[in-house]
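A.B. asks: With positions in the sequence shown counted from 1, the corresponding number in this note's numbering is that position plus 265.
Note that CB positions come from ideal geometry on N, CA and C, so glycine has one too.
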Amino acid sequence: MGELTRTQLNQMAQVWREMARNLTMYQASHWTELSTVQHYDLNAYQNSLLTRAQEIDERAYLLLNESLEPALTTSIQLVDQAAHALHTTDEQAKALNIGALSVALAAGLYRNNESSVQLALSELRNLTRPVTVRR
């Protein structure tokens, strides 16, 4: 296991805060279109991501399996892309899935669960991939 640097920890915490902020912006801009349950889900995702960021900020160190170290950089980049995708989508299911997968990814990294991280990354890649229409 490798110990993450303070810079890496700060990056990880910041990406979770940014995703929570972007989910809040999505929720505010689609307020009337969302059901009560969808509002609850978005609030839960935001709370979970902000809690994870606070936990990271309060830790002096975080150990990460060496096999997950490359996934950390990928995770930060992919969550950033997913956060920006929230600005361009009106698809509620896509926005909710981005939130849920971000939470799953944050938990997987925090708990050093490689299979959870790989699954969440794969699904986030699919959600952020540009859609091509065949004619």
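1) Tell me which residues share the same chain as Glu-334 and place their Cβ nearer than 7 Å to its Cβ, disregarding the 5 neighbours each side in the sequence.
2) May I ask you to list the residues that DSSP assigns as paired with Glu-298?
3) Could you pull the start and end residues of the alpha helix (DSSP H) that His-349 belongs to?
4) Excluding the 5 residues preceding and the 5 following His-304 in the sequence, name in chain order all residues of the same chain whose CB lies nearer than 6 Å to its CB.
5) Please report the straight-line C-alpha distance between Leu-329 and Asn-377, rounded to a whole angstrom.
6) If you draw a straight line from the C-alpha of Gln-357 to the C-alpha of Gly-373, how long is it?
7) What distance in whole Å lies between the Cβ atoms of Leu-274 and Ile-321, which are believed to be in contact at a cut-off of 8 Å?
8) Using the three-state DSSP reduction, which class does Glu-356 fall into: helix, strand or coil?
9) For the candidate residues Asp-355, Leu-366, Ala-365, whose alpha-carbon lies nearest to that of Ser-294?
10) Give me the Cβ distance between Thr-339 and Leu-386, rounded to the nearest whole Å; I'm assuming they're in contact under 8 Å.
11) What separation, rounded to the nearest whole angstrom, lies between the Cα atoms of Ser-381 and Trp-296?
C.D. replies: So, to answer that:
1) Gly-267.
2) According to DSSP, Glu-298 bridges with nothing at all.
3) 334 to 350
4) none
5) If you draw a straight line from the Cα of Leu-329 to the Cα of Asn-377, it is about 6 Å long.
6) 24 Å
7) 5 Å
8) Taken through DSSP and simplified to helix, strand or coil, Glu-356 comes out as coil.
9) Just measuring C-alpha positions, the residue of Asp-355, Leu-366, Ala-365 sitting nearest Ser-294 is Asp-355.
10) 6 Å
11) 31 Å
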